Amino acid sequence: MGVGARRRQVAGALGASALILAVLALRGEASWAALLAGLAAVAAAWAWPGRTAAPSSGEAPRPALGSLLPSAAVFPDPVILVDPRLVVVEANAIARSVLPALKERQPLAFAMRSPEVLDAIPAVISTGEPARVEVAGRTGNEPTWEVRIRRLAARSEAGLGQPAAALFFRDLSDQRRLETMRVDFIANVSHELRTPLASLSGFIDTLKGPARDDAQARERFLDIMQAQAQRMTRLIDDLLQLSRVELKEHVPPSTPVDLGATVAHMVEIMAPLARERGVGLALEVPQEPVRILGDRDELLRLVENLVENAIKYGGSGKSVEIAVRRQGPGGTQGERVELSVRDHGPGIPPEHLPRLTERFYRVDVAESRIQGGTGLGLAIVKHIVGRHRGRLAIESEPGQGATFRALFPAAP
50 MGVGARRRQV AGALGASALI LAVLALRGEA SWAALLAGLA AVAAAWAWPG RTAAPSSGEA
110 PRPALGSLLP SAAVFPDPVI LVDPRLVVVE ANAIARSVLP ALKERQPLAF AMRSPEVLDA
170 IPAVISTGEP ARVEVAGRTG NEPTWEVRIR RLAARSEAGL GQPAAALFFR DLSDQRRLET
230 MRVDFIANVS HELRTPLASL SGFIDTLKGP ARDDAQARER FLDIMQAQAQ RMTRLIDDLL
290 QLSRVELKEH VPPSTPVDLG ATVAHMVEIM APLARERGVG LALEVPQEPV RILGDRDELL
350 RLVENLVENA IKYGGSGKSV EIAVRRQGPG GTQGERVELS VRDHGPGIPP EHLPRLTERF
410 YRVDVAESRI QGGTGLGLAI VKHIVGRHRG RLAIESEPGQ GATFRALFPA AP
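Positions 50 to 461 (our numbering) are the ones given, in order, by the sequence shown.
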């Protein structure tokens, strides 16, 4: 093996050792053992047989590509090595999939248009101080990355084509999405509670003051206060239910439940509300048991939310149709069981359909509050269906009512 080849081998060992040390430093796990391992790799490269062979003419001192980074399995996140000119020396497979324009021996700027990252790399190479840069996507569909930059060799020590800095990427999209959801959730809960609390406080002050001796006003105010207290109770109950379902959503139920009997039971409970609203309930369930693996209490809540919504928003003087049907296997799926709830109300504009199951999302906020809604009912339905490994579909056209379908795997 020639001297040029030996140099490439040593450079590869040095690069790999430096990269491993950089990763350990990034994780706070650097130690003398790691340093000795890196030195051992270099010593092994020098001690390999054939070191004294004659050099070949025209060999470049640049290390062979592929020798600096271990396999992508070692680095599950994108990793890029650049030289002092910010030219890409090497990148693992996932980095190339994230940045399709990324190519070795070309400037990093061709593939990554982030001034913060490009400006930070020379400073890291010059000073040796690591840097951390967050790169947010331009649109909501693009990921947010945390880029950590570590020096592998100072500018004066790394030649052109030699790795001088390593860029380690970490996807923060899920973390940022959860933070946004948490902030929005707290804001929505605060808003939903503030209105009834303000009403209660105002009426209490009135009853203690001007209406102290007004029996008629007292009765009217007490009715309103009771309604507001019930609204807060419903909101808290829905929040607790949603929290419980989300906590268990990754654990599918394993108890066979007769979905037809469960639906029939809840429809019987909802019959007085339907009569009060002037809505007829039409139920269609098979005579034989229709079993799915489920949690009966959660399924009762699912049916309650769907039927109650259909009664409240379906319009008085009309009917709500509830059905449980078996469906044969489709594609790779086995037998399915469908629960459908159809109303004949004003329908839902198409632009609202994708967002109906979001927390606190309402098509008509004022109407929802008049009807006593919390904005969490369909979010609970979505999570219950998800826990039962089912699928929720919503179909509606303005003026044609709405149909909610929950499709579950049949019990074996």
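The C-beta atom is built at its ideal place from N, Cα and C for all residues, glycine as well.
The model shown is predicted, which means the values in this text are computed figures rather than measured ones.
Exposure label - residue i; buried when at least 16 CB within 10 Å
i, result
"Q211", "buried"
"L202", "Just to set this straight, residue 202 is Ala in the shown sequence, not Leu. So A202 counts as buried."
"I235", "exposed"
"I174", "buried"
"P125", "exposed"
"P127", "buried"
"A276", "exposed"
"P271", "The displayed chain sequence assigns Leu, not Pro, to residue 271. Label assigned to L271: exposed."
"E347", "buried"
"A172", "exposed"
"P10", "Limits of the chain in this structure are 50 at one end and 461 at the other, which puts residue 10 out of reach."
"V475", "It is not possible to answer for residue 475, since the shown part of the chain is limited to 50 through 461."
"M319", "buried"
"Q449", "exposed"
"E139", "buried"
"I341", "buried"
"A264", "exposed"
"E228", "exposed"
"V300", "exposed"
Straight-line gap, residue i to residue j (C-alpha atoms, nearest Å)
i, j, result
"H401", "A150", "37 Å"
"L388", "V373", "5 Å"
"A215", "E295", "39 Å"
"L456", "L246", "39 Å"
"G435", "G383", "17 Å"
"A144", "L427", "39 Å"
"A331", "E195", "55 Å"
"I443", "F218", "39 Å"
"R267", "L284", "26 Å"
"K297", "V352", "19 Å"
"T176", "G439", "56 Å"
"E446", "R391", "12 Å"
"S303", "G251", "50 Å"
"L130", "R154", "11 Å"
Own chain residues within Cβ distance below 7 Å of residue i, not counting five before or after
i, result
"S222", "P192, T193"
"V316", "L330, L332, V356, I371"
Sequence-distant residues of its chain with Cβ nearer than 8 Å to residue i (five each side left out)
i, result
"L167", "L135, L157, A158, M161"
"P335", "G309, V373, R374, R375"
"A260", "A266, R267, F270"
"R345", "T304, V306, T311"
6 Å CB neighbourhood of residue i in its chain, flanking five on each side removed
i, result
"V147", "P127"
"T406", "L427, A428, K431"
"F453", "L355, V390, I443"
"S106", "For S106, the pLDDT reaches just 41, beneath the cut-off of 50, and the residue's location in the model is therefore unreliable, although a value from the coordinates is still provided. Result list for S106: empty, nothing under 6 Å."
"A323", "L330, I360"
Inter-stretch contact at 8 Å, needing at least 3 Cβ pairs: the segment 154-167 / the segment 179-186 | The answer is yes - the segment 179-186 touches the segment 154-167, with three or more Cβ pairs under 8 Å.
Within the segment 288-332, ranges of the beta strand (DSSP E) (whole runs, at least 3 residues) = Listed in chain order, they are 305-307.
Run through the segment 153-189 for me and flag every whole beta strand (DSSP E) of 3 or more residues, listed as ranges in chain order.
-> Taking 3 residues as the shortest admissible run, the segment 153-189 contains the following complete beta strand (DSSP E) segments, listed from N- to C-terminal end: 180-184.
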